[in-house]
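Read through the structure below, which is laid out as structure tokens, and then see the notes.
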Amino acid sequence: MRKTLIVLTLLTLLASCVFAIDLETSITKAKQNNKELLMAMEEIKKADESYKQVRGTAYPQLNLQGAYGLSKTYYPDSAIPAKMNISAGLDDIATDNEEYLAGVLNKIVNSMIPESPAEAGSFALQLKMEQIVYSGGKLGSGIKAGNYYRQIQRLNYKVKEQDVVLKTTELFYQCLLAKKLWDVQEEGLDIAKRHLRRVELFNQEGQVSEFDLLQAKLGVAKLEPQVLKAKNDYDLAVSAFRKQIGEEESDIVPEGEFVLPEKMELSLEEATEQGLKQRNEVELIKLGTQLKELQYKVEKVNFLPNVALSADYSLYTAADEYAIENDDFGHKYGISLGFQIPLFTGLTNTAKRNYAHYDYQKAKLQQRDTEELIALQIKQDYQKYYHAWENHNVQTENIRLAERGLQLAQVRYENQVGIQLEVFDAQLTLQTIKLQYYQSIYEIISADRNFKKSIGITL
């Protein structure tokens, strides 16, 4: 019985325990479980197979066809005439040669009269080869387009992967920030409650007024909903984090510390140049433009002929019985060179060429627009990044000043120069600045990740 209770207790503890997870493991789980990323990987596989399919058309196409059949036919009586006997029509003076010729004719004519039921067997086999000889560059362009499409899908996967890493990192640190803010709020509430107990004691001794007591109670009342809100914010942040890594039903919580990244020293011009060279989005839009250019080049030569080579070997037979003998087989060879030239298509080829040209011009405009938007994004992230560092430096100085203010308030109170309320105010001021300090660290981490992504650094 005692062992059973121990086991049940351990199981209860295990069921209620919370599993901590670090940032790297979080990113790994997010990559494994993110639906968009998994779909992007499937698109890569599809693109690879599509490329192989297009490339395969450049090789000879071999096809083997065959058929074997047996038949049994019952003819109607009206379709079967009576047997002919030419010999019966000869006169008595017919010579032997005439008798012989009449017999031969009997056999020939009667062999043409079908028998019912009629049995027949047939067999046919054909090996055919087809090879594109010339397609006006369309085949080579199709293979090149398939390769472009493969590269586009791989870059698209990298873009989505970076988005997943960035979002996971932000949610991870949002949880850490929410936990820090919750802890600071609870610490501030604990300080307010201790101060309230002291004020209540002083009020009973007549050392402070009822107004001071009401102020202390009001201070506690203000902080209690803030603590509840901080806890709720933390729970919401953890829920969003679990959904991001695909562990909604688990008890996983992020665990780590706010570690300031190494500060990058880049000018805006250097950052913009690096971003336009290294961003996957820039390479992606360039490949899209090259693909449109390739399509336009194909349509420009749509008046050229298509030439194809075809060769085949056929083996066939037909027998008037089910059994097929060796001497029933025949065979046939064939080779041909075919071509197709579009002489007049109702100006549809011209329309296709113009459409491809306009599409290519549009792609070039989209490329320039994308590059300009990326340059603007780099500028915004650059400014946010260095502003976050400046704000952090200010908050660091504020922390130092607040800690110094608390020390002075405590010294004044110990020397009976100041009052307890000054110490309480200094403590609450320090707690408020701590909130801003932790927020500034999170802003640096978030700005650092966004800025690195903007200039093409792999996260």
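Sequence positions in the sequence shown follow mature numbering (1 follows the signal peptide of the UniProt record, and there is no 0) and run -20 to -1, 1 to 439. The beta-carbon is built from N, C-alpha and C at its ideal position, and this holds for glycine as well.
Per DSSP, residue i is paired with what?
{"i": "residue 102", "result": "49 and 298"}
{"i": "residue 233", "result": "-1"}
{"i": "residue 313", "result": "293"}
{"i": "residue 319", "result": "287"}
{"i": "residue 110", "result": "41 and 290"}
Going by alpha carbons, who is nearest to residue i out of the options?
{"i": "residue 11", "options": "349, 271, 223 and 248", "result": "223"}
{"i": "residue 97", "options": "203, 90, 53 and 111", "result": "53"}
{"i": "residue 251", "options": "363, 165 and 274", "result": "363"}
{"i": "residue 205", "options": "162, 373 and 94", "result": "162"}
{"i": "residue 49", "options": "199, 143, 299 and 159", "result": "299"}
{"i": "residue 37", "options": "279, 111, 133 and 424", "result": "111"}
{"i": "residue 115", "options": "308, 284, 366 and 326", "result": "284"}
{"i": "residue 405", "options": "377, 192, 148 and 240", "result": "192"}
{"i": "residue 370", "options": "420, 282 and 217", "result": "420"}
{"i": "residue 318", "options": "326, 287, 338 and 310", "result": "287"}
{"i": "residue 147", "options": "33, 312 and 225", "result": "225"}
{"i": "residue 103", "options": "296, 152 and 436", "result": "296"}
{"i": "residue 21", "options": "109, 99, 132 and 118", "result": "132"}
{"i": "residue 327", "options": "427, 279, 73 and 41", "result": "279"}
{"i": "residue 260", "options": "62, 51 and 433", "result": "433"}
{"i": "residue 341", "options": "367, 269 and 427", "result": "269"}
{"i": "residue 313", "options": "106, 56, 428 and 347", "result": "106"}
{"i": "residue 344", "options": "402, 360 and 262", "result": "262"}
{"i": "residue 320", "options": "302, 113 and 183", "result": "113"}
{"i": "residue 400", "options": "41, 15 and 196", "result": "196"}
{"i": "residue 429", "options": "57, 2, 149 and 9", "result": "149"}
{"i": "residue 360", "options": "431, 347, 324 and 408", "result": "431"}
{"i": "residue 64", "options": "346, 85, 44 and 217", "result": "85"}
{"i": "residue -2", "options": "230, 323 and 185", "result": "230"}
{"i": "residue 441", "options": "357, 174 and 418", "result": "Residue 441 is absent from the structure shown; the chain starts at -20 and stops at 439."}
{"i": "residue 120", "options": "76, 194, 35 and 83", "result": "35"}
{"i": "residue 368", "options": "426, 338 and 398", "result": "426"}
{"i": "residue 272", "options": "77, 309 and 337", "result": "337"}
{"i": "residue 199", "options": "185, 183, 189 and 174", "result": "174"}
{"i": "residue 23", "options": "138, 325 and 316", "result": "138"}
{"i": "residue 67", "options": "80, 57 and 323", "result": "80"}
{"i": "residue 437", "options": "358, 185 and 55", "result": "358"}
Closest Cβ-Cβ distance between residue i and chain C: below 7 Å?
{"i": "residue 333", "result": "Checking the listed chains, one finds no chain C in this structure; it contains a single protein chain."}
For a quick check, are the C-beta atoms of residue i and residue j less than 7 Å apart?
{"i": "residue 444", "j": "residue 169", "result": "There is no way to answer for residue 444, as the model of the chain reaches only from -20 to 439."}
{"i": "residue 145", "j": "residue 7", "result": "yes"}
{"i": "residue 304", "j": "residue 46", "result": "no"}
{"i": "residue 214", "j": "residue 160", "result": "no"}
{"i": "residue 276", "j": "residue 130", "result": "no"}
{"i": "residue 108", "j": "residue 17", "result": "no"}
{"i": "residue 117", "j": "residue 281", "result": "yes"}
{"i": "residue 220", "j": "residue 151", "result": "yes"}
{"i": "residue 387", "j": "residue 403", "result": "no"}
{"i": "residue 95", "j": "residue 301", "result": "no"}
{"i": "residue 365", "j": "residue 153", "result": "no"}
{"i": "residue 207", "j": "residue 166", "result": "yes"}
{"i": "residue 407", "j": "residue 232", "result": "no"}
{"i": "residue 82", "j": "residue 70", "result": "yes"}
{"i": "residue 142", "j": "residue 439", "result": "yes"}
{"i": "residue 424", "j": "residue 347", "result": "no"}
{"i": "residue 392", "j": "residue 385", "result": "no"}
{"i": "residue 155", "j": "residue 210", "result": "no"}
{"i": "residue 234", "j": "residue 435", "result": "no"}
Under 6 Å from any heavy atom of the ligand SAM, does the C-beta of residue i make it?
{"i": "residue 42", "result": "Absence of the ligand SAM is noted for the structure shown, with no ligands found whatsoever."}
- Message: When you compare the stretch 124 to 135 with the stretch 24 to 31, are there three or more beta-carbon pairs, one atom per stretch, that lie closer than 8 Å?
- Response: Touching, per the Cβ criterion.
- Assess, as a yes-or-no matter, whether the stretch 240 to 251 is touched by the stretch 329 to 346 under the definition of 3 or more beta carbon pairs within less than 8 Å. Touching, no, given that fewer than three Cβ pairs across the two stretches are closer than 8 Å.
- Query: Contact between the stretch 374 to 382 and the stretch 404 to 418: three or more CB pairs below 8 Å?
  - Reply: Output reads yes: the stretch 404 to 418 touches the stretch 374 to 382.
- Item | 3 or more residues per run - each beta strand (DSSP E) lying fully within the stretch 396 to 436 | Positions of the beta strand (DSSP E) runs, each at least 3 residues long and wholly inside the stretch 396 to 436, cannot be given because no such run exists.
- Task: Inspect the CB distances between the stretch 252 to 265 and the stretch 350 to 357 and report whether three or more fall short of 8 Å.
- Result: Using a C-beta cut-off of 8 Å, the stretch 252 to 265 makes contact with the stretch 350 to 357, since at least three inter-stretch Cβ pairs fall below that distance.
- Query: With contact counted as at least three CB pairs below 8 Å, one residue from each stretch, are the stretch 76 to 90 and the stretch 277 to 296 in contact?
  - Reply: No: the two stretches stay apart, fewer than three of their Cβ pairs being nearer than 8 Å.
- Should the stretch 178 to 189 be called in touch with the stretch 230 to 239, which here means at least 3 C-beta pairs below 8 Å? Between the stretch 178 to 189 and the stretch 230 to 239, the count of C-beta pairs closer than 8 Å stays below three; the two stretches do not touch.
- Query: Whole beta strand (DSSP E) runs in the stretch 158 to 216 with 3 or more residues, listed along the chain?
  - Reply: Secondary structure within the stretch 158 to 216: not one fully enclosed beta strand (DSSP E) run of 3 or more consecutive residues is present.
- 3-residue-minimum beta strand (DSSP E) runs that sit fully inside the stretch 127 to 162, ordered along the chain: Segments of the beta strand (DSSP E) lying fully in the stretch 127 to 162: there are none.
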